[in-house]
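Participant: The structure that follows is given in the form of C-alpha cells.
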Amino acid sequence: MIAELGHFALVLAFAVALVQGTLPLLGAARRDATLVAVAPPAALVQLLLISIAFGALTHLYIVSDFSVANVAANSHQSKPLVYRISGVWGNHEGSLLLWVWILALFGAAVAAFGRNLPVLFKSRVLAIQALIGVGFLAFMLFTSNPFERLDPAPLEGRGLNPILQDPGLAMHPPMLYLGYVGFSTTFSFAIAGLLEGRIDPSWARWLRPWTLAAWTALTLGIALGSWWAYYELGWGGFWFWDPVENASFMPWLAGTALLHSAIVVEKRDTLKSWTILLAILTFALSLLGTFLVRSGVLTSVHAFASDPARGVFILALLIVAVGGALALYAWRAPSLQGGGMFAPVSREGALLLNNLLLASATATVLLGTLYPLALDVVGGPKISVGPPYFNATFVPLMIPLFLALPIGAVLAWKRADLVGAVQRLWLAAVVTVALSVGLVLVSDLELGLSLIGYGLGLWLILGSLADPLSRAALARGGFGRFWRRLVGLPRASWAMVLAHVGLGVLVIGVTATSTGQSERILAMKPGQTAEIAGYAVRFEGVREVRGPNWIAQRGTFTVTREGRPVTEIASDKRFFVVEQRPTTEAGIHTTLWRDLYFVLGEPAPDGAWTVRLYHNPLVVWIWGGAVLMALGGLLSLSDRRFRVGAPRPARTAVAVPAE
1 MIAELGHFAL
11 VLAFAVALVQ
21 GTLPLLGAAR
31 RDATLVAVAP
41 PAALVQLLLI
51 SIAFGALTHL
61 YIVSDFSVAN
71 VAANSHQSKP
81 LVYRISGVWG
91 NHEGSLLLWV
101 WILALFGAAV
111 AAFGRNLPVL
121 FKSRVLAIQA
131 LIGVGFLAFM
141 LFTSNPFERL
151 DPAPLEGRGL
161 NPILQDPGLA
171 MHPPMLYLGY
181 VGFSTTFSFA
191 IAGLLEGRID
201 PSWARWLRPW
211 TLAAWTALTL
221 GIALGSWWAY
231 YELGWGGFWF
241 WDPVENASFM
251 PWLAGTALLH
261 SAIVVEKRDT
271 LKSWTILLAI
281 LTFALSLLGT
291 FLVRSGVLTS
301 VHAFASDPAR
311 GVFILALLIV
321 AVGGALALYA
331 WRAPSLQGGG
341 MFAPVSREGA
351 LLLNNLLLAS
361 ATATVLLGTL
371 YPLALDVVGG
381 PKISVGPPYF
391 NATFVPLMIP
401 LFLALPIGAV
411 LAWKRADLVG
421 AVQRLWLAAV
431 VTVALSVGLV
441 LVSDLELGLS
451 LIGYGLGLWL
461 ILGSLADPLS
471 RAALARGGFG
481 RFWRRLVGLP
491 RASWAMVLAH
501 VGLGVLVIGV
511 TATSTGQSER
521 ILAMKPGQTA
531 EIAGYAVRFE
541 GVREVRGPNW
551 IAQRGTFTVT
561 REGRPVTEIA
571 SDKRFFVVEQ
581 RPTTEAGIHT
591 TLWRDLYFVL
601 GEPAPDGAWT
611 VRLYHNPLVV
621 WIWGGAVLMA
631 LGGLLSLSDR
641 RFRVGAPRPA
651 RTAVAVPAE
C-alpha cells in the first residue's frame, strides 16, 4: 500500500508540474492575474507530493519491503539503519527521486521566499522550473519507476554496493544534487529574463543568491566526494580526473564564472548576454553529468550501471531543454545591449579575464572527458584521458587566474590604475616570495613545481587579506577606528576574502600532497619494521574482526618517530557476505600537517602481507580550503543586500512591464 501511495503521489506531482509549467506562462503572456497566481501554490503542492513519494520509498527501505524491486536490488536486512536510509539514493531510481525532490524544493523556495520578485517574472521562473520537473518526472514514471513491485517477493535483498556503505557516500549525493539541481534555478531565471526581456541589475541581484546557494552546495558535494575517494578507495590520492568527477567539476567551474559575471551585470549593467549564456551552459553541464552517470557510457566507481535506453531519454531531455534555451537566447540576445563601458584595466576587465580563463578551463575538462567517448562512437580505438592531459592543459590556465585574483579585487570599477593596485599589494608579494622559498627549502621538495604552487597559494591568501586591511586604513585613525572599519565591511566583501583564502589553502594542500607524497609498497611479516618520511612503522600482524554485515582481516601498525610512540593504525580488508564483494579500508592518522595512510594488501604464501604506506603532507588542507570556500558562499548569502532589489535602470533593452 505504501508503494502504491508513493507511485500515486508521483503521478499527481507530474500532473501538477504540467499545470504549473503551462498555465502561469499563458497567464504571463496574457497578463491574466488568475492564471499567474497558480504558480506559487502549485510549486508548494508539487514539493508536498514528491516529499510523500520520497518518504514512502524511505519507509520501504527502513522496513526492508522486498516486494518492491528497487528495495530488493539495493538493500538487505543485515544492513545498518543509516545505510538502509542512504540506500534510497544509492541507486538509479532512488537518486532520480532525490533529484526531482530537490528540484521541487528549489521551486518551492522561490515561491516562498522570492517576495522581492515581480509577480510576472516569478511566475515565469516557477513555470520553467516545473517544465524541467515534467521531463524528469516523466523519465521516472515511464522508464525508472522506484515503486515497481516484484511477484513473488524474495525473502532477502541483494544488498548495496559495499563502497557505497559509508558515511561519506551517505552525505555526498544529497549535497552534490543540491548543487547540480540548484543551477536549474539560475537556468529558470535566465529563461524567464529572456522571455520577459528584462536583464538588468535587478535581475542580476535576484539571480546571485540562487547561484551562491547552488555553488556552495556543489563545492561541499565535490569536497565530500574527494574525501570519500581518498579514504575509501585506498589509492592514496584525493583526485583522479575520473570522468564522473569531471562531470561535477565542469558545472562548478561554469558556476564560478557565472557568479563573477553576475556581479558585473549588477554593478555595471554589462556582460548581459554572456551571463545569460553562462546560466544556460552551467545547467546544461549539470544535465550532461546526469547523462554520463546514468547512460552506461562510462565505467567508473561512481557511475550507475544502467540501461542505455535510459541514457537516450536523458540525452533527449538535454537536447530539448538546452536546445530550446539556446534558440531563445539566439533570438533575444541581440537586444541585450550592455549599459556600461569599461577600460581593459578595471574591475570589470579583471572579472572578464576571470570568466575567460574559467570558461577555457571548463572547455579543456569537457574535451578530455568526451573525446574518448566520441572516438569510440566513430569506431576509433578505446583510449583513456588521464592526469597527464589535464595537468598539461588545466593547470596552465589556473596559474594566470590565481595571479590575477588578488589584483582584480583591488581594481576600481570602470577604469583603474594597475600600477597603483600592484603597489597596494607589494608587501603581500614580498612576504609570498619569502615564505614560498622558505617552505620549499625547509620541506626539501621539488624546487620548480613546489615554488609555483606554494607561491600561488600564499599569494591568494595574503593578497586577498591585503584588500580589507587596506580599506580599513590602519595608518589613519588608530587601532580602534581601524577595527571598527574592519568589522563594518559588508559581509559580501568578507565572503569574497574567505572564499579566495580558502582557494589558497586548497592550492597549498594540493601542492604539498602532489609534490611531497612519500610512498612505499612492500611485503611485511608480523614484527617487521619499515621507514617512511622519518617514521618507523612496525607491522603487528593481522586478525579477523566482524562487523554488522561484513568480515574483515585487520592489519595493525605501530608508528614511532625517533623512538617515541606516535599512534597505532589499523587497515581492513573487508568482505561483505550478502553482496559477496570485498573492500579495502585504509588506516589513516591525520594531523594538520600530514596524513599517515596505510593500506593492507594481499597475503603471500610465506606469511607476509603486501602493504602500501603513504605519507601525505598537508592533505587535510585540501578539504579545509573547500570548507572555507563554502563558508564564504554562506556568508555572502547572509548579506542583506541580496534581499533588496537593485535600482531599476531608466532604460531597458526590451520594454516589457515587470508586472
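Quick note: the sequence shown uses our numbering, first residue 1, plus one each step.
In this text, a Cβ means the ideal position worked out from N, Cα and C, and glycines have one as well.
In this text the structure is predicted, and so the values were computed from the model without any measurement.
1) Going by beta carbon distance, what residues of the same chain come within less than 6 Å of LEU281, once the five residues before and after it are set aside?
2) Skipping 5 residues on each side, what residues in its chain have a beta carbon closer than 8 Å to that of TRP252?
3) Let's test the definition: count the other Cβ atoms within 10 Å of the Cβ of THR529 and tell me whether it reaches 16, buried, or not, exposed.
4) Pick out whichever of ALA213, LEU212 and ALA192 has its Cα sitting closest to the Cα of TRP203.
5) From this set, LEU592, LEU522, PRO548 and VAL620, which residue's C-alpha is nearest ALA604's C-alpha?
6) Please return the same chain residues whose Cβ sits closer than 8 Å to the Cβ of LEU98, not counting the five positions on each side in sequence.
7) To the nearest angstrom, how far is it from the Cα of HIS500 to the Cα of VAL599?
8) Beta carbon of GLU93, beta carbon of ASN161: below 8 Å?
9) If you compare alpha carbons, which of LEU285, GLY625 and ARG594 is closest to GLY236?
10) Following the continuous beta strand (DSSP E) through ASP572, name the residue where it begins and the one where it ends.
11) Rounding to the nearest angstrom, what Cα-Cα distance links VAL433 and ARG543 in this structure?
12) Using the C-alpha atoms, what's the distance from LEU194 back to THR34?
13) Keeping to the same chain, check which residues put their C-beta closer than 8 Å to that of GLY135; ignore five residues upstream and five downstream.
14) Decide if LEU126 is buried, meaning its Cβ has at least 16 other Cβ atoms within 10 Å, or exposed.
15) How about PHE671 and ASN549: do their beta carbons lie closer than 8 Å?
16) Which value, in whole angstroms, describes the spacing of the CA atoms of VAL644 and LEU117?
17) Counting only runs of 4+ residues fully inside the region 384-414, write out the alpha helix (DSSP H) ranges in chain order.
18) Kindly indicate which three-state DSSP category ARG149 falls into: helix, strand or coil?
19) I want to know whether the region 584-591 touches the region 228-243 - three or more CB-CB distances under 8 Å.
20) PRO582 by DSSP, collapsed to three states: which one?
21) How would you call VAL410, buried or exposed, if buried means at least 16 neighbouring beta carbons within 10 angstroms?
22) Rounding to the nearest angstrom, what Cα-Cα distance links ALA363 and LEU356 in this structure?
23) Can you tell me whether DSSP reads PHE557 as helix, strand or coil?
24) Cutting at 7 Å between CB atoms, please list the residues of its own chain near LEU328, excluding the five before and the five after it.
25) Given GLU602, which residues of its chain have a CB within under 6 Å of its CB, disregarding the five upstream and five downstream residues?
26) Would you say LEU212 and GLY168 are within 8 Å of each other, going by their C-beta atoms?
27) Output needed for LEU26: all residues of its chain with C-beta closer than 8 Å, excluding positions within five of it in sequence on either side, in chain order.
28) What residues in its chain sit with their C-beta under 8 Å from that of PHE106, if we drop five residues either side in the sequence?
Facilitator: In brief:
1) The sequence position of residue 281 within the sequence shown is 281, counting from 1. Around LEU281: ALA254.
2) One-based indexing of the sequence shown puts residue 252 at position 252. Hits under 8 Å: GLY179, TRP215, LEU218, THR219 and ILE222.
3) In the sequence shown, residue 529 corresponds to position 529, counting from 1. Result: exposed.
4) Taking the sequence shown and counting its residues from 1, one reaches residue 203 at position 203. Comparing Cα-Cα distances from TRP203 to each of ALA213, LEU212 and ALA192, the minimum goes to ALA192.
5) One-based indexing of the sequence shown puts residue 604 at position 604. Among LEU592, LEU522, PRO548 and VAL620, the Cα nearest to that of ALA604 belongs to LEU522.
6) Mapped onto the sequence shown, residue 98 falls at position 98. Same-chain partners within the cutoff: PHE54, VAL88, TRP89, PRO173, PRO174 and TYR177.
7) Looking up residue 500 in the sequence shown gives position 500. Looking up residue 599 in the sequence shown gives position 599. Going by the C-alpha atoms only, they are around 34 Å apart.
8) Walking along the sequence shown from the start, residue 93 turns up at place 93. Walking along the sequence shown from the start, residue 161 turns up at place 161. No, the pair does not count as a contact, with Cβ atoms beyond the cut-off.
9) Here residue 236 refers to the residue found at position 236 when the sequence shown is read from its first residue. Among LEU285, GLY625 and ARG594, the Cα nearest to that of GLY236 is on ARG594.
10) For the purposes of this step, residue 572 is identified with residue 572 of the sequence shown, where counting begins at 1. It spans 564-576 - the beta strand (DSSP E) in which ASP572 sits, taken as one unbroken run.
11) Translated into positions along the sequence shown, residue 433 becomes position 433. Translated into positions along the sequence shown, residue 543 becomes position 543. Straight-line Cα distance between these residues: approximately 50 Å.
12) Taking the sequence shown and counting its residues from 1, the one referred to as residue 34 is at position 34. Taking the sequence shown and counting its residues from 1, the one referred to as residue 194 is at position 194. Using only the alpha carbons, I get a separation of about 23 Å.
13) Here residue 135 refers to the residue found at position 135 of the sequence shown. Within the same chain, GLY135 has close Cβ partners LEU317, VAL320 and ALA321.
14) The sequence position of residue 126 within the sequence shown is 126, counting from 1. Its Cβ being crowded by 16 or more others within 10 Å, LEU126 is buried.
15) Given that the chain is displayed from residue 1 to residue 659, the structure contains no residue 671 and the question cannot be resolved.
16) By one-based count along the sequence shown, residue 644 stands at place 644. By one-based count along the sequence shown, residue 117 stands at place 117. Low local confidence applies: a pLDDT of 45 at VAL644 is under 50, so the model's placement there is unreliable, with the coordinate-based value given in what follows. Their Cα atoms are separated by approximately 10 Å.
17) 387-410
18) Taking the sequence shown and counting its residues from 1, the one referred to as residue 149 is at position 149. Of the three classes helix, strand and coil, the one that applies to ARG149 here is strand, per DSSP.
19) These segments touch.
20) To locate residue 582, count along the sequence shown from 1; it is residue 582. Strand at PRO582.
21) On the sequence shown, position 410 is the one that residue 410 refers to. The residue in question, VAL410, is buried, as its Cβ has 16 or more Cβ neighbours within 10 Å.
22) As a working mapping, residue 363 is identified with position 363 in the sequence shown. As a working mapping, residue 356 is identified with position 356 in the sequence shown. Going by the C-alpha atoms only, they are around 10 Å apart.
23) By 1-based counting over the sequence shown, the position of residue 557 is 557. DSSP places PHE557 in strand when its eight states are reduced to three.
24) Residue 328 sits at position 328 when you count from the first residue of the sequence shown. Same-chain partners within the cutoff: ILE191 and LEU194.
25) Position 602 of the sequence shown, counted from the first residue, corresponds to residue 602. THR610, listed in sequence order.
26) Indexing the sequence shown from 1 puts residue 212 at position 212. Indexing the sequence shown from 1 puts residue 168 at position 168. Not in contact: LEU212 and GLY168 (Cβ atoms no closer than 8 Å).
27) Your numbering for residue 26 matches position 26 in the sequence shown. So the qualifying residues of the chain are ASP32 and LEU35.
28) Start at 1 with the first residue of the sequence shown, and residue 106 comes out as number 106. Hits under 8 Å: GLN129, VAL181, GLY182, SER184, THR185 and TRP210.
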